[in-house]
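**Q** Protein chains in written order, with the working numbering: chain A, 130 to 436; chain B, 35 to 658.
Positions of the beta carbon are idealized from the N, C-alpha and C atoms, including for glycine.
Encoded as structure tokens, here's the structure I'll be asking about.
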């Protein structure tokens, strides 16, 4: 029933309803965001996919024990069958088990990079936004300079020079992925620092670091969370690109990009199990992260919430 | 797979023949190792010659990056490749002695311009007698023409050592040539500065001499007079003129200089952008050939995928099968004959004898360690699983396949067969505490036969790095298995991928000694080699290509004997010693898989030698 109908049908001009719409019980911003997120079907789908892959990669090996470390030269490039549900690789590794192990590394690097990037970027952006002036200008120009350097170029050089590992790749990629969060958080802080609660905290003598930690960053957390999801997706693609170029993680560690790179050479031979499953994994996880990110952005931004 | 090559008659810098990523295109999802496995390293077979039908135009595939870039047979290092030399220049200007004969390590004497050399003066003087061959303009090929080539080499290296791709300062032609004489038009006598090993000098240097038409080329300008090329000043002018002409790739087919040939073909068209070329038969060719020689058309390809698609569609007469497409061979066997064979040379994992990280230099100096490590390599398994059967074992610098008169006995059967338990036993017997899956530790330092060895303190761990070339994929596959087997005996290897150019520029003791502690082992590919397979330059202490700084006085002595002693078995002794010493981890050799249409036939050797990068279309013909 529309509000207009209510007004017309209400006897004696009974209780007036606000023009903005129905008013429910007062809820916290977080609850509203969660409710908004849950009502977004694509977000739920994305979450389900991501959860599936987390379970698949980290719990799957507990139930499926394919060989991924010891080569088996007598069982190379076998098609999917009873012994190997998704066939074997050119080294005789079980493809399904390798998908799980490769996924572990890819997801670990991606989450590590996103976490490292968001922590560093948030602090950087908050400091720049809060202090302002020349410090802000210098810090943001540094961000601009780093943003102008192609990340693949940098990561390739470092990977070739020092050799990649889950930790080093996570830190290297995270060391680049702080730039966008820094800009976004700075923008948030620029608006927050003029708010009354920030002024009150300053007048009360709260020190800058506490101001950042207790008042500014918590109020910018929505932006940060959204950015984390996109960074996870980007990091997965970057790790895959590195692996595809042959400079990803090294045996005995494996990532999805390595697997794709190894399998693509056999595509014309009809060894589809070396390419399609791992390609699908990368696409699905990246898509899931993006769906979640889009939904989170809608949830945290009141202007984008559905009415 | 043969990024590096040695100096010598058959050695020129080779492009990496790699397995490249292929575009998606479905085919039968067979999986497994479904292709045929054949013994002795050969893949498929060459059918006997069928009856001559007719001549026509034969199209051949030029692999990506293999287009010719230099026509003058004195080729600078920057232009040196087997594709430029063997598949292009040799069709127009033949060497004195033609190697190999099909896929076997021997001379194809009917294809040679000269008879075998005669030695005298304690192997310091060599006399060469030319057959009665003629240039395409009807002039006879004389001993002066052979002398002209050597004088051009002298002039080239005077301009720059880089102007002759097979130049080694002080070694062989031209530096060891003190004087030359031509007592008659068919005889060339060369005096050398010191005694050489006749076989080495013949197969590595002399055989590669390509007589050049001095009566047409010995001039300093297009319209200038013929000069006395034996005068060094004139030789320099002539060389500069000819080299300048060769730089003008757009005039290759029109320049009258290049139309005077002694090979079976004359160039009629050359696209200097794509590298495509067409050659017409030299009707005055003096060598053996088919009843009627076909026109040759070389078709360049920008990727292996494109080339193999052309093969699958039947649009070229002769091509190759990229390595990753081997499982698809059956799909073309109804249209094409298929034959694969390794070329002469070896693949290896290079050890860095200068890497002091974790005392690796002292560990790798131990023969027992190198032998134990060799036991971890499953060569037959690699050939079956990774090469699809298309390869041959290589236990030393002279591989088991192709069969060579220089193959030592210990290179025909694996001296260190795959056995993880044997490797573990060897390590235990030399003072190492072996921890399968972990990292071995030296628990018995010292120099006794049961100790770890000199310079290896107690607690030293068997943990080091290995840098590998990501292309072709079979390098990574072999390395992955090697690392897995090594882990089983507690040798902990950390892998790092790289690309060929960066590896050669960075991990190279001779050129980059400052990087010695950055790498313990590397696998960039291997070496192409001449039919006389000395490792001079590779495993002698002062070798230009001694990448890992291997130094062994006995090896130096044997390598020197291969190039200077008169003992024809010297190189065999060298190969035997190096096979036993394992200065590097020798790997199996992969086949080059060549295909040609079933409608084309000829003597089997004329197709077998495709696997050695030779091109002999003068023998090919259509059967119907």
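Residues in its own chain within less than 7 Å of residue 332(B) by CB, not counting five upstream and five downstream?
**A** Here the set comprises 94, 96, 310 and 311.
**Q** What is the DSSP secondary structure of residue 191(A), counted as helix, strand or coil?
**A** Helix, per DSSP.
**Q** Would you call residue 408(B) buried or exposed, if buried means 16 or more other Cβ atoms sit within 10 Å of its Cβ?
**A** Result: buried.
**Q** Looking at the secondary structure, which residues open and close the alpha helix (DSSP H) in which residue 429(A) lies?
**A** Taken as a continuous stretch (DSSP letters only), the alpha helix (DSSP H) holding residue 429(A) covers 405-429.
**Q** Should residue 56(B) be flagged as near chain A, meaning a C-beta pair shorter than 7 Å?
**A** For residue 56(B), the pLDDT reaches just 24, beneath the cut-off of 50, and the residue's location in the model is therefore unreliable, although a value from the coordinates is still provided. True, the Cβ-Cβ gap to chain A drops below 7 Å.
**Q** Whole angstroms is fine: what's the gap from residue 557(B)'s alpha carbon to residue 171(A)'s?
**A** Near 48 Å, if we compare the C-alpha coordinates of residue 171(A) and residue 557(B).
**Q** Let's see if you can read the secondary structure: which residues bound the alpha helix (DSSP H) around residue 398(B)?
**A** Residue 398(B) -> alpha helix (DSSP H) spans 394-398.
**Q** Smallest Cα separation from residue 523(B): which of 531(B), 157(B), 455(B) and 317(B)?
**A** For the residues 531(B), 157(B), 455(B) and 317(B), the minimum Cα distance to residue 523(B) belongs to 455(B).
**Q** Drop a sphere of 10 angstroms on the beta-carbon of residue 535(B), count the other beta-carbons inside from all chains shown, and report buried for 16 or more, exposed for fewer.
**A** Under this definition residue 535(B) is an exposed residue.
**Q** What do you reckon, are the CB atoms on residue 353(B) and residue 624(B) nearer than 7 Å?
**A** Taking 7 Å as the Cβ cut-off, residue 353(B) and residue 624(B) do not qualify as a contacting pair.
**Q** For residue 648(B), name the three-state secondary structure that DSSP assigns.
**A** In this structure, residue 648(B) counts as coil in the three-state DSSP scheme.
**Q** If we count the other Cβ atoms within 10 Å of its Cβ and call it buried at 16 or more, is residue 386(A) buried or exposed?
**A** Residue 386(A) is buried by the Cβ-count criterion.
**Q** If I'm right that residue 327(A) touches residue 319(A) with Cβ under 8 Å, what's the distance once you round it to whole angstroms?
**A** The pair is not a contact, with the Cβ atoms about 11 Å apart (cut-off 8 Å).
**Q** Among the residues of its own chain, which have a CB less than 6 Å from the CB of residue 250(B), if the five just before and after it don't count?
**A** 294.
**Q** Using a 10 Å radius around the Cβ and a threshold of 16 neighbouring Cβ atoms, would you call residue 384(B) buried or exposed?
**A** Looking at its Cβ environment, which holds 16 or more other Cβ atoms inside 10 Å, residue 384(B) is buried.
**Q** Counting along the chain, where does the beta strand (DSSP E) carrying residue 273(B) start and finish?
**A** Unbroken run through residue 273(B) is the alpha helix (DSSP H), 266-281; no beta strand (DSSP E).
**Q** Drop a sphere of 10 angstroms on the beta-carbon of residue 14(B), count the other beta-carbons inside from all chains shown, and report buried for 16 or more, exposed for fewer.
**A** Outside the displayed range of chain B (35 to 658) lies residue 14(B), so it cannot be described from this structure.
**Q** Say whether chain A places a C-beta atom closer than 7 Å to the C-beta of residue 336(B).
**A** Not an interface residue.
**Q** Could you give the distance in angstroms between the alpha-carbon of residue 430(A) and the alpha-carbon of residue 315(A)?
**A** Cα to Cα, residue 430(A) sits roughly 17 Å from residue 315(A).
**Q** Which residues in chain B have a C-beta closer than 7 Å to the C-beta of residue 376(A)? List them in chain order.
**A** Near residue 376(A) (Cβ distances below 7 Å), the residues of chain B are 531.
**Q** Do residue 605(B) and residue 568(B) have their beta-carbon atoms positioned less than 7 Å apart in this structure?
**A** Yes, the pair counts as a contact, with Cβ atoms nearer than the cut-off.
**Q** Taking three-plus beta-carbon pairs below 8 Å as touching, is the region 362-380 of chain B in contact with the region 525-545 of chain B?
**A** No contact exists between the region 362-380 of chain B and the region 525-545 of chain B.
**Q** Counting only Cβ-Cβ distances shorter than 8 Å, please list the residues of the region 210-228 of chain A near chain B, keeping chain order.
**A** Within the region 210-228 of chain A, the qualifying residues are 216, 219, 220 and 221.
**Q** Any Cβ of chain A within less than 7 Å of the Cβ of residue 66(B)?
**A** With a pLDDT of 39 at residue 66(B), under the threshold of 50, the modelled position of that residue is not reliable, and the figure given next carries that caveat. Yes, contact with chain A.
**Q** If we cut at 7 Å on Cβ distances, does residue 196(A) have a partner in chain B?
**A** Closer than 7 Å: no.
**Q** Buried or exposed: residue 56(B), going by 16 or more other Cβ atoms within 10 Å of its Cβ?
**A** In this prediction, residue 56(B) has a pLDDT of 24, which is less than 50 and means its spatial position is unreliable; nothing more can be read from the coordinates.
**Q** So which residues of chain A does residue 507(B) contact, with C-beta pairs closer than 8 Å?
**A** Ordered by position in chain A, the residues that pass the 8 Å Cβ test against residue 507(B) are 219, 391 and 394.
**Q** Based on the DSSP secondary-structure assignment, which residues constitute the bridge partners of residue 401(A)?
**A** Residue 401(A) is not bridged to any residue.
**Q** List in chain order: all unbroken beta strand (DSSP E) runs of 3+ residues lying wholly within the region 190-231 of chain B.
**A** Here the runs fully enclosed are 211-218 and 221-226.
**Q** I'd like to know whether the C-beta of residue 232(A) is nearer than 7 Å to at least one C-beta of chain B.
**A** It does not: the Cβ of residue 232(A) has no partner Cβ on chain B nearer than 7 Å.
**Q** What residues of chain B sit near residue 305(A), judged by a beta carbon separation below 8 Å?
**A** The contacting residues do not exist; residue 305(A) stays about 21 Å from chain B at best.
**Q** Can you list, in chain order, the residues of its chain with a C-beta nearer than 7 Å to that of residue 336(A)? Leave out the 5 residues immediately preceding and following it.
**A** Nothing meets the Cβ criterion.
**Q** Measuring alpha carbon to alpha carbon, tell me which of 417(A), 392(A), 419(A) and 421(A) ends up nearest residue 224(A).
**A** For the residues 417(A), 392(A), 419(A) and 421(A), the minimum Cα distance to residue 224(A) belongs to 392(A).
**Q** Entirely within the region 427-458 of chain B and at least 4 residues each: give me those alpha helix (DSSP H) ranges in chain order.
**A** Qualifying alpha helix (DSSP H) stretches: none in this window.
**Q** Once DSSP output is grouped into helix, strand and coil, what is the label at residue 654(B)?
**A** Residue state, collapsed to three classes: coil.
**Q** Are the region 406-425 of chain B and the region 198-209 of chain A touching by the rule of at least three beta carbon pairs closer than 8 Å?
**A** With a cut-off of 8 Å, the region 198-209 of chain A and the region 406-425 of chain B count as touching, because enough Cβ pairs lie within range.
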